[in-house]
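Visitor:
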Amino acid sequence: QVQLVESGGGLVQAGGSLRLSCAASGSIFSFDIMSWYRQTPGKQRELVAVIRKGGTTVYEDSVKGRFTISTDNAKNTVYLQMNSLKPEDTGVYYCNAVQLPRAYNYWGQGTQVTVSS
21 QVQLVESGGG LVQAGGSLRL SCAASGSIFS FDIMSWYRQT PGKQRELVAV
71 IRKGGTTVYE DSVKGRFTIS TDNAKNTVYL QMNSLKPEDT GVYYCNAVQL
121 PRAYNYWGQG TQVTVSS
């Protein structure tokens with residue numbers, strides 16, 4: 021059973037930084053795609069950043085240049101470094117992992133990020 025555990029959320033002032041971590045129960049080499057999503061009340065969960073097994077990254081337009089997704093294979097962990105945070109970055113951030121070709125999806129429990137103005 022794959023488990024993803026997020027940590028690193030919290031309350032920060034606008035302009036500040038946070039680093040989210042997502043620790044997997046097994047090797048992250050088993051995942052083809054790892055992503056961070058965020059969800060705010062009344063809105064659908066939205067994709068924030070993606071990293072593929074080969075290292076290719078993709079970012080949602082509003083976070084480009086501010087957020088960086090990365091992995092530490094030795095620690096089986098994926099990170100989301102968030103800089104220059106804005107109040108609109110507030111939400112619950114979820115880690116997601118996908119195994120291809122059958123697209124098995126795994127989710128963490130989420131970590132709250134609150135950015136005050």
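Just so you know, we're using the numbering used here here: the sequence shown kicks off at 21 and counts up by one.
Heads up, the beta-carbon is just placed ideally off N, CA and C, and yes, glycines get one too.
#1: Which same chain residues, not among the five before or five after R86, have their C-beta less than 6 Å away from its C-beta?
#2: Assign G128 to buried or exposed, taking buried as 16 or more other Cβ atoms, counted over all protein chains shown, within 10 Å of its Cβ.
#3: Tell me whether N93 sits in a helix, a strand or coil according to DSSP, three-state version.
#4: Is the distance from the Cβ of N93 to the Cβ of F49 below 8 Å?
#5: Beta-carbon within less than 6 Å of G29's beta-carbon, same chain only, minus the 5 sequence neighbours each way: which residues are those?
#6: By alpha-carbon positions, which one of N96, Y99 and R58 ends up nearest to E80?
#7: Which whole-angstrom value is the C-beta distance of V98 and T91, which I expect to be below 8 Å?
Guide: Quick answer:
#1: Correct list, in chain order: N103 and S104.
#2: buried
#3: helix
#4: yes
#5: So the list reads T131, Q132 and V133, once near-sequence residues are dropped.
#6: R58
#7: 5 Å
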